[in-house]
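Student: Dropping a structure here in structure tokens format, bear with me for questions.
The structure is reproduced here in structure tokens:
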């Protein structure tokens, strides 16, 4: 019997992928794993249009979201919300002990770059989150126009969620100036769940452990996902 998944993700995994997964495991601290990881990097970077390293993880989406927010956001988070999954960003930010505000748009409507400009101009935020393709409604927001606005505020770190758009549409991470791009493999790539997490040098410079003089305002417990 064949079971097919008719949902945005996870998708039905092809037989050749299933066969590849039947191969013996290798140790994640072994030289073989290091060689495999290094061999994958140039191809992953090509897919993401980036020179930044691509980190892989096995947590849920929320784990990667939490890691990004805890590591780089210290002043305030502006969460662009136009659906169920973008709403979750605001919830996660608050649970991480961050000062967070919602920039709300109607469900089914794309993010308005001018509204983003007005919100960032208040100076209350050093981090912005948005979803390129809001899975709950199928709404695609203009990522190039949004990032053009964000670049007007060099002290603001951008976190772009491309879970349901990655590999269906080109996302030129470096060209657009995205600081952190995250996605998953269970949707358009039709693979078992693995998370891809791409922090830029600018984002890494904002991590407290890499910038000892930077203060953090979070009083919540530490994340297990540390850059």
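Residue numbers (my numbering): 8 to 234.
From the three backbone atoms N, C-alpha and C, an ideal C-beta is built for every residue, glycine too.
Count the other CB atoms, across all protein chains shown, that sit within 10 Å of the CB of residue 88; report buried if there are 16 or more and exposed otherwise.
Tutor: That one is buried.
Student: Okay, do the segment 170 to 184 and the segment 94 to 111 touch, 3+ Cβ pairs below 8 Å being the bar?
Tutor: Segments in contact, no.
Student: Can you round the beta-carbon distance between residue 6 and residue 139 to whole angstroms, since I take them to be within the 8 Å contact cut?
Tutor: Residue 6 is absent from the structure shown; the chain starts at 8 and stops at 234.
Student: Of the choices 26, 129, 99, 20, whose alpha-carbon is the least far from that of residue 163?
Tutor: When only C-alpha atoms are compared, the closest one is 129.
Student: Please go through the same chain and pick out, in chain order, the residues whose beta-carbon is closer than 8 Å to the beta-carbon of residue 101, but skip the five residues on each side of it.
Tutor: Excluding sequence neighbours, residue 101 sits near 107.
Student: Could you tell me whether the segment 187 to 200 touches the segment 12 to 24, where touching means 3 or more Cβ pairs closer than 8 Å?
Tutor: As far as the Cβ criterion goes, the segment 187 to 200 touches the segment 12 to 24, which means the pair count is three or higher.
Student: Alpha carbons only, please: which of 141, 137, 37, 174 is nearest the one belonging to residue 167?
Tutor: Selected option, being the one with the closest Cα: 137.
Student: Please report the Cβ distance between residue 119 and residue 83, rounded to the nearest whole angstrom; I am assuming they are in contact, meaning their Cβ atoms lie under 8 Å.
Tutor: Contact flag wrong, Cβ pair sits at about 20 Å.
Student: Taking the beta carbon of residue 206 as the centre, do at least 16 other beta carbons fall within 10 Å, making it buried, or is it exposed?
Tutor: The residue in question, residue 206, is buried, as its Cβ has 16 or more Cβ neighbours within 10 Å.
Student: For residue 124, collect the residues of the same chain with a Cβ closer than 6 Å to its Cβ; drop the 5 residues on either side in sequence, then sort them by chain order.
Tutor: Contacts found: 156.
Student: Report yes if the C-beta distance between residue 79 and residue 185 is below 8 Å; otherwise report no.
Tutor: Contact: no.
Student: Is it buried or exposed for residue 50, if we count other Cβ within 10 angstroms and need 16 for buried?
Tutor: Per the 10 Å Cβ criterion, exposed.
Student: Which residue comes first and which comes last in the beta strand (DSSP E) that contains residue 166?
Tutor: Where residue 166 is concerned, the enclosing beta strand (DSSP E) stretches over 164 to 168.
Student: What's the gap between the Cα of residue 214 and the Cα of residue 143?
Tutor: Answer to the nearest angstrom: the Cα atoms are 31 Å apart.
Student: Classify residue 117 as buried or exposed, calling it buried when 16 or more other Cβ atoms lie within 10 Å of its own Cβ.
Tutor: Under this definition residue 117 is a buried residue.
Student: Which word fits residue 55, buried or exposed, when buried means at least 16 other C-beta atoms lie within 10 angstroms of its C-beta?
Tutor: Buried, since its Cβ has 16 or more Cβ neighbours within 10 Å.
Student: Can residue 41 and residue 69 be called in contact, C-beta distance under 8 Å?
Tutor: Their beta carbons are not under 8 Å apart, which means residue 41 does not touch residue 69 by this criterion.
Student: Can you say whether residue 170 is buried or exposed, counting buried as having 16 or more other CB atoms within 10 angstroms of its CB?
Tutor: Buried.
Student: Compare the C-alpha of residue 67 against each of 141, 94, 193 and name the closest.
Tutor: Checked all of 141, 94, 193; the closest Cα to residue 67 is 193.
Student: Out of 72, 48, 73, point me to the one whose CA is closest to residue 61's CA.
Tutor: When each option's Cα is compared against that of residue 61, the closest is 48.
Student: With distances taken between CB atoms, is the gap from residue 103 to residue 76 smaller than 8 Å?
Tutor: Yes; because the gap between Cβ atoms is below 8 Å, this pair is in contact.
Student: Just checking my contact of residue 160 with residue 127 at CB under 8 Å: how many whole Å lie between their CB atoms?
Tutor: Right, the Cβ-Cβ distance comes to about 5 Å (below 8 Å), so this counts as a contact.
Student: What would DSSP say about residue 28, mapped onto helix, strand or coil?
Tutor: Coil, per DSSP.
Student: If you scan the segment 50 to 93 from start to end, which runs of the beta strand (DSSP E) of 3 or more residues do you find wholly inside it?
Tutor: With a minimum length of 3 residues, the continuous beta strand (DSSP E) runs that stay inside the segment 50 to 93 are 62 to 64, 84 to 88.
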